[in-house]
Amino acid sequence: MSFSITRRSFMKSAALFSSMGLAPAFLTRAAEGEAPAINGFKDDRVLVVLQLGGGNDGLNTVVPYTNDLYYRARPQIGIKKDQALRLTDELGLNKNLEGLLGLYDAGKAAIVQGVGYPNPDRSHFRSMEIWHTASDSEQYLGDGWIGRYFDNCCSGTARPQAGVALGPERPQAFDGAKGLGVAFDNPDNFGWRPGKFTDTPDNFAKLNTPIAQTGSTLDFLRHTTSNAIMSSAEVKEAANRAGLAGGAVARKNGEAAFRTVAGLIRGGLQTRIYYIAAGGFDTHANQTGTHDNLLKRLGEGLAQFQQQLEQDGTADRVMTMVFSEFGRRVEQNASGGTDHGTAAPMFLVGNGIKPGIHGAAPNLADLDNGDLKHSVDFRSVYASVLQQWFEVDPAPILGQTFATLPIV
Amino acid sequence: MATPLLEPIHAPEWDRRKARHLLNRAGFGLTHARLDRLAALQPAAAVDYFVDFEEQPDAGAAPGFLVEPVGREEIRRRYAAATEEERRKALNEYQQQERLAIQQLKAWWLHRMYTTERPLQEKLALFWHGHFATSAQKVKSSWHTHQLNDVFRRNGAGNFKKLAIEVGQSPSMLRYLDNVQSTKKHPNENWARELMELFTMGKGAYTEDDIKNSARAFTGWSADHRQFVYREDYHDTGDKVFLGRRGDFDGWDIFDIIFEQQAPANFIAKKLWTYFAYEDPEPEIVEGLASTLRQGNYELRPMLRQMFMAQAFYSDKAIAQQVKSPVQTVLQLASDLDYDNPPFSAMAQATQRLGQDLFFPPNVKGWDGGRAWVNANTLLVRYNLPGYLVTAKLKKEDLAMMAYLGQAGLQSGQDSPSMTGSAMASMTGDANSDAALPQWNAQEFFASMEYSTLNECIAQMEDRFLSAPLSPEQRAVLIASLGVEGDPAAPVGDKAIPQRFLFATLHLLLSTAEYQLC
C-alpha cells in the first residue's frame, strides 16, 4: 500500500499549497475531491461488505472439479469439469464468475475457503445474526461487529453515515453504542422535503431536537431524526459532487447499489463502511438456473465496481468483502436444490489485496453429518480486515483473539 | 396466577385516552367517530366490540381479480398445438396478470382494513401474516396468497392449533418452505424447522434431531395446483423419535405432540402481547396469558379479551409507546385527514417504502416491528409522507406519494393542483383510477376547527392527530409557525389565520417523532 501513502502525502501538500493560494489549478481540483482521511477515522480506507443472503452454495461457486465425491453427491446439479473456470489443479470457479476470475488473474482478488464457525447454526436468521454480531454459536450479542468497530476505533468527529447500508434496512452489524450507520436506497430521496412557508427545515429540526437520553421510544426517534437530518445533507452533497443522477436506486442484487457506492466514494462521503445486501441464494429447489444467474450478477457486479473505482482513482483505498450466512449441504436434495449447510468460501477484492487462495479446501471425505467442516473461522477474516486494512487491534472488537490471514 | 398487571381495568378509569389506545392497538386508529362512541362505553363493552367481531357485519366479498391456478395437465392440453412463441407469449401474459393481481391484492387488503367494522379481525390477520410469513416472491400465486390470507381472517381469533394446521396445509406455506417436494428419500427440513423455531415453540425447546425426525414425519404433506394433498408414496413410514416420544409419526402427530408441550402457549402469548401492548412483557403477564390459552385448549379469544382488559395494557409503558407500523402509518394518516376513499394502491407503495411490503415479508421471520421499523431512511419517508402533494417539480417516484394525498396536500406553497387526479391515478397505476380521485377537503377541515386563541388552535390539532403529548417548546414552535403576531393566549378575533400557514403548521405537526407513535 505504499502507493496510497504516497498519494495521500501528495494530497496533503496539494491542500497546503492551495491554502497558501499557490497551488496550480489541477492540484486543487484533485485535492478538493477527496478528504485525506474519513472524518473520525485515521485514514481514507473504505470497506464494502457484500452480503449474499439465503446461504450461497459454496461448492457450486468454488468447484472441486476433480473430486469424485463432489460429483457423486451432486449427480444432477454438480458443475461439470468443462464448465468450471480453472483456478488450480483442483479448484475452479463456476463458469458464471468470469468477472471474479478476471479480478483474481489480475491479482486483485483473494478466496478464503471453508469459512464457518464451530457448532454451525442452520437457521438463516440465527446464522446471519452470528455473522453480524461476530458471536459464538451459543452466544447472543446485541451489538454488531461493525458497530463495535465504530465504538472502539472512531473519534467524535465521525459522521452518522460512517456506515452506509444501501437498501431499506440498517443491518444488525451496524448496531452499537454510538448509533452510527444509516440506510437508504437512493441518495435523492434521503432527506426531509420542506414547504415554502413556515414549514422550514429549521422548524422541522427544532421540533425534533434530541432530548436527554432516557431510552424511551420517543428519545430513540428524536436521535434517529437528528442523525438523519445531518447525514442526509452530506449524502446529497456527495452524490451531487459525483454526478449521481436519479436512477441510482439500489436493487436487491447489487449492480445499482455498486454504482451508487462507487459514486459516493468518488463524491467524498465521510463513510468508512458500505453495506450491500443481496438476496435469493436460498436455493432449495431447481437451483441451477437461479444460482447461475445470481453468480453471473455477482461476478459482473464486482468486476464493474472495480473498474469504476479505478476509473475514479479511488480503487487503492477500497476493499470489498463478500460473505453468506452459510453454505449448503454437500448432497443435493430431491428437488434439484440444496438444503442449509455450513462452511463456504468468502471473497476479498481490491488493489490492496494479497491475491490467492487462503484456508484449506473443504474435505468431502470428512463430513460432519453430511456437512462440511470449516477450516477458517469467519472472525479470523474479520480480524484480518480490521488488523491489516483498518490497522486496529481486532481483539476488543471481536471479544477474543483470532488467528489472522495475510490478506493485505 | 393472579397478577395485578392482568387485573381488568375498572370502569371509572376508562377515558378518552384509553379508548384511543384501544382503538389504535386493537385496530388501526379508525375513526374519530368511533373514538367518541368507544369513549362513552364501559371498558368491557368497548373491548367486546373488538374481540367479538363476528357480531359486526363482514366487510365484503372476496377479490374477483385473482388468477386461478391451472394444473399441469390442463396447461399441456391447452397448449398442445401451440407454437413455442405462442407459449412464451401466454406465459408472459400469465406472469403479468399475476404481478398485477398481487398488487391489487395489497390495495384490496388495505381497503378492507380501512373500511371494516371488524378492525381486530384485520389487525390479527396482519399479525398472523407476519408470524406465519410467506412471500409471494416465491409462492408466485395471488390465488394461494389470498387463500392463506383468508385462513388468517377466519381463524385469527379462533384456535391457535387449528390455525397452525391450516397454515401447514396451505399451498402457500407448503411451497414457501418447500414441503411440497419433501420425500422419504430426501426429506426437506425447512418447514419442520420453522414450525418449531418461529411458529410454535421458539429455539431451545427442541433439538436438531427433533427437526430431522419431524421433517420425516411431514413427508407426504404436499399440494397440487389448487390445494393440500397428502401423498402417501412420499411419506416415510419408519419410526421417528420426536420430543422424547417414539412412533410412526405423521404430520398430524407432530402437531399433537407440539401442542402437548408447555412452550407454544408461552411463545404465542408473548408474541401477541409484544405486538399489541409492549415489548419484553413481565414474566407474570406471559404466564397469565399462557395459562388462559392452555385452559381453553389454545382458543385465542379468551386470551385476547384478557389482554385488552388488562391494567398493564393501559399503563404508561403501553400508551403512545409503540412505533406505528407502516400499515398503521398510512391508514391512520388517511383517516386522520378524513379520506373517504383514499388511493389504496399508492398507500401500498408507501408501506413498501416504509419497510412493510404486504405479501412480501423480508423472510420467514416476518417483520421485526418496533424500533426496527425506523432508521434514518424510513424515518424520513415517514416525515415526508404527509408533505407530498402536487407541486410543480414532479418526480416520477413521488407520484405514488402525491396520489396518496390526492389533490390537496399539506406542503405549503402551492394553492392549486397542477395535475388532475385522474392523470395522477393513471401514472401511478392506481386501482381506483376509474373513480374520481379522492381528496382531503382541507377547507372543510380547517373551517371545522373551533378555537379562539392560537394556543387553542394548536391544542386542537394536537388532540386530533397525536397520541403522545408535545412539549411546551414544541408548541411554541408551532404557534410561531401560524404566522400570526400577538399573544397566543389572547383571542385572535377577526384576524383569521391564513390557510397556507395552517397547512404549513399541520405539515410540521405531522413531521414529528410524536406522530410516529401510537
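Chains A and B are the protein sequences, given in the same order. For the record, in the first sequence the residue sitting at position 232 is 232 according to this note's numbering, with numbers rising by one throughout. For the record, in the second sequence the residue sitting at position 514 is 922 according to this note's numbering, with numbers rising by one throughout. Just so you know, even glycine gets a beta-carbon here, dropped at the ideal spot from N, CA and C.
Against chain B, a Cβ distance below 9 Å from A/F125 picks out E605, L606, N771, V772 and K773.
Between B/A756 and B/L766, the gap from beta carbon to beta carbon is short of 8 Å. Only residues of its own chain outside the window of five on either side were considered, and among them G778, R779, W781, V782, Q924 and L925 have a CB closer than 7 Å to the CB of B/V731, listed in chain order.
In this structure, A/G114 sits away from A/P394, with a CB-CB distance that is not shorter than 8 Å. In this structure, B/F636 keeps its C-beta atom at 8 Å or more from the C-beta atom of B/A600. Against chain B, the CB of A/T214 has no partner CB under 8 Å away; the residue lies outside that interface. The beta-carbon of B/N621 is placed no less than 8 Å from the nearest beta-carbon of chain A. Note that the C-beta distance between A/D175 and A/G144 is below 8 Å.
A straight-line Cα-Cα distance of about 14 Å links A/R159 and A/Y149. When secondary structure is reduced to three states using DSSP, A/T224 falls in the helix class.
Closer than 9 Å at the C-beta level to chain A, one finds these residues of the stretch 588 to 617 of chain B: V588, Q589, S590, T591, K593, H594, P595, N596, E597, N598, R601, E602, E605, L606, K611 and E616. Counting only runs of 3+ residues, the beta strand (DSSP E) found wholly inside the stretch 647 to 728 of chain B occupies 648 to 650 and 653 to 655, in chain order. Its chain contains S743 as the residues whose beta carbon lies nearer than 6 Å to that of B/L438, once the 5 sequence neighbours on both sides are disregarded; these appear in chain order. Contact note: B/R779 reaches chain A through T217 and F220, using a C-beta cutoff of 8 Å and chain order. An exposed status is given to B/L499, since fewer than 16 other beta-carbon atoms sit within 10 Å of its beta-carbon. Under the three-state reduction of DSSP, A/G195 is assigned to coil, being neither helix nor strand. Interface with chain B (8 Å Cβ-Cβ cutoff): A/R193 is included. Runs of the alpha helix (DSSP H) spanning 4 or more residues and lying entirely within the stretch 877 to 914 of chain B occur at 880 to 889, in chain order.
B/N863 is outside the set of residues whose beta carbon lies under 8 Å from a beta carbon in chain A. Excluding five sequence positions before and after A/S384, the CB atoms of its chain that fall closer than 6 Å to its own CB belong to T404, L405 and I407, given in chain order.
For A/F323, DSSP records a beta bridge to A/Q51. The Cβ atoms of B/H537 and B/F560 sit closer than 8 Å to each other.
When only Cα atoms are considered, A/W192 and B/L508 end up about 31 Å apart. Under the three-state reduction of DSSP, A/Y274 is assigned to strand.
Sorting B/V892, B/W629 and B/H633 by C-alpha distance to the C-alpha of B/R639 places B/W629 at the top. Rounded to the nearest whole angstrom, the C-alpha separation of B/W551 and B/W775 is 23 Å.
When the five nearest sequence neighbours on each side are left out, the beta carbons in the same chain lying within less than 6 Å of the beta carbon of B/S919 are those of Y791, in order along the chain. Per DSSP, A/I397 is one residue of the alpha helix (DSSP H) stretching across A395 to L398. In this structure, the CA atom of B/Q503 is about 21 Å from the CA atom of A/T283.
Taking a Cβ-Cβ cut-off of 9 Å, the neighbours of A/V182 in chain B comprise N783, A784 and N785, given in sequence order.
Residue pairing by DSSP places B/S630 opposite B/V637 in a beta bridge. For B/R526, the three-state secondary structure derived from DSSP is coil. In this structure, the CA atom of B/G479 is about 27 Å from the CA atom of A/Q332. The distance from the Cβ of B/L528 to that of B/V459 is about 6 Å, consistent with a contact at the 8 Å cut-off. Counting only the Cα atoms, B/L534 lies some 11 Å from B/F436. Put simply, the CB of A/L97 is far from chain B, with every gap to its CB atoms at 8 Å or more.
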